[in-house]
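Letter by letter, the sequence shown follows residues -21 to -1, 1 to 80 of mature numbering (1 follows the signal peptide of the UniProt record, and there is no 0).
All residues carry an ideal CB built from backbone N, CA and C; glycine is no exception.
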Amino acid sequence: GSIYILLWLAYTKLRVPFVKADSVLALDVANCLRSPGNCDPLGQLIQQSIIPTILFLSNHVAIKLGALFSPDLLLAYGIAPETECSNLIVSEKLFQALPPK
């Protein structure tokens, strides 16, 4: 999930505006991606375009967490390095365990 969203941000050239945005905007966008509403235009965009794109990437570009993070780091958090990035439960566990910037 999260890794593929980063790939999508890079592909769409949204990385720089997203990084430059204040933390409130970044948090709002992250919350919308996690739980898009059906009624508003942003929720519809997420459901009709962004989610299918992320699903396509995760199905066609298998990335293992061990290719991005040190196996020792992953094992310290109880995560197998061969776990695919599309495993949302494990990815969320990892990102919540990492110290903030």
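- Considered as a whole, the segment 18 to 50 harbours 20 to 24, 30 to 39, 44 to 47 as its complete alpha helix (DSSP H) runs of no fewer than 4 residues, in chain order.
- For L(-16), the uninterrupted alpha helix (DSSP H) segment begins and ends at -20 to -11.
- E63 is bridged by DSSP to K43.
- In terms of Cβ geometry, G45 and E71 do not form a close pair [threshold 9 Å].
- Between the segment 11 to 20 and the segment 36 to 51, the count of C-beta pairs closer than 8 Å stays below three; the two stretches do not touch.
- By the neighbour-count criterion, in which 16 or more other beta carbons inside 10 Å mark a residue as buried, Y(-11) falls on the exposed side.
- Per DSSP, reduced to three states, the secondary structure at L53 is helical.
- Here the C-alpha atom of D7 lies approximately 31 Å from the C-alpha atom of A59.
- Shortest Cα-Cα distance from W(-14) to any of L77, I33, L12 involves I33.
- Per DSSP, reduced to three states, the secondary structure at L77 is coil, with no helix or strand assignment.
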